[in-house]
Every structure is written in structure tokens, then in C-alpha cells.
Amino acid sequence: MKDPNCGYCMKNELLDPFGIYICDLDASVLVLFKEQSHPGRCIVACKEHVGEMVDLTDEERNAFFADVNRAAKALHAAFHPDKVNYGAYDDTGRHLHFHLVPKYKDGPEWGGVFEMNPQKRFLSQEEYGQMIEKIKAAL
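Right, here's the structure in full:
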């Protein structure tokens with residue numbers, strides 16, 4: 785099921801304020817988070833419009849987490865973070881997704897919780913494109 789009012793479902797201008805569609809994975813959609821204080825930050829969103837992991841069958845949940853793992857491996861290969869943090873917050877949008885946040889020992893918030901949207905670092909379209917190509921090459 786898709787929600788016509790959801791950026792993750794529609795992959796259109798509803799996504800534009802915060803993300804750039806990268807590609808579909810088996811059970812999810814991979815999105816580059818526009819705010820790049822943590823280089824390589826992405827979102828893995830379930831392909832179906834579900835609000836909770838408990839809304840998935842065991843098979844669907846396993847496929848979703850396989851995609852999270854695949855995306856994390858790509859981020860490690862492309863950007864070499866010291867750690868990837870995972871966040872699942874969605875009180876209002878009701879679409880299951882995980883933030884994959886590469887953390888670097890010399891970067892912001894090392895040793896602490898990442899800020900949801902610090903609004904500090906945005907890139908040019910060319911830089912976003914280069915980042916997306918690095919991620920796709922590592923998938």
C-alpha cells in the first residue's frame with residue numbers, strides 16, 4: 785500500500801525538503817538525507833507505507849533489515865566512517881524508516897546522539913550527485 789501524501793511512497797516533491805531518492809532496494813527505498821553534517825547520511829524507508837515493524841511479516845521485516853545492512857555496508861565502503869548510528873523516529877509521518885548516520889571520531893557529536901536535523905551542512909547538486917554515485921557504486 786502506498787500513501788499519496790508520503791514522500792517515501794511517492795519519491796517526488798514531497799521528499800524534496802529533506803531527501804534525494806537514490807534507488808530502490810529489495811524491500812525499501814534508499815534516500816540521501818540532504819543535511820550532510822555526517823557525510824553519507826541516508827534513510828532506508830520501507831517500500832510499503834507501514835508505521836511500525838510489528839506491521840510487517842517476519843519475512844518482510846527480515847528483508848527490510850537486510851536492506852538496512854546492505855546500505856550500511858555501502859556507507860562503510862564509500863565513506864569509511866568510524867561507526868554508523870541507526871535511528872528510527874516517526875511520530876508523525878507513520879512510515880517505517882531508519883536513519884543511517886555515519887559518525888567520525890573527528891566529526892560532530894562523536895560519542896553522543898546525533899541531532900535529527902541540525903540544518904548546518906547542505907551541498908550543491910553536483911556534490912549530492914557525486915555522493916549518490918559513491919553509494920550506488922558500493923551497493
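In the working numbering, the protein residues as written are 785 to 923.
All C-beta atoms in this analysis are idealised placements derived from N, C-alpha and C, irrespective of residue type, glycine included.
Practice problem: Return helix, strand or coil for Leu884, following the three-state DSSP convention. | Solution: strand
Quiz item: Less than 8 Å between the CB of Tyr805 and some heavy atom of the ligand PLP, yes or no?
Solution: With respect to the ligand PLP, the structure shown offers nothing to examine, as it has no ligands at all.
Exercise. Using DSSP bridges, identify the partner residues of Asn869.
Key: Val885
Quiz prompt | Unbroken beta strand (DSSP E) run spanning Cys826, endpoints | solution = Cys826 to Cys830
Quiz prompt | Beta-carbon proximity list for Leu907, same chain, < 6 Å, skipping 5 on both sides | solution = Gln820
Quiz item: So is Tyr873 buried or exposed if we call it buried at 16+ other beta carbons inside 10 Å?
Solution: exposed
Quiz item: So, Asn869 versus Lys887, is the Cβ gap smaller than 9 Å?
Solution: yes
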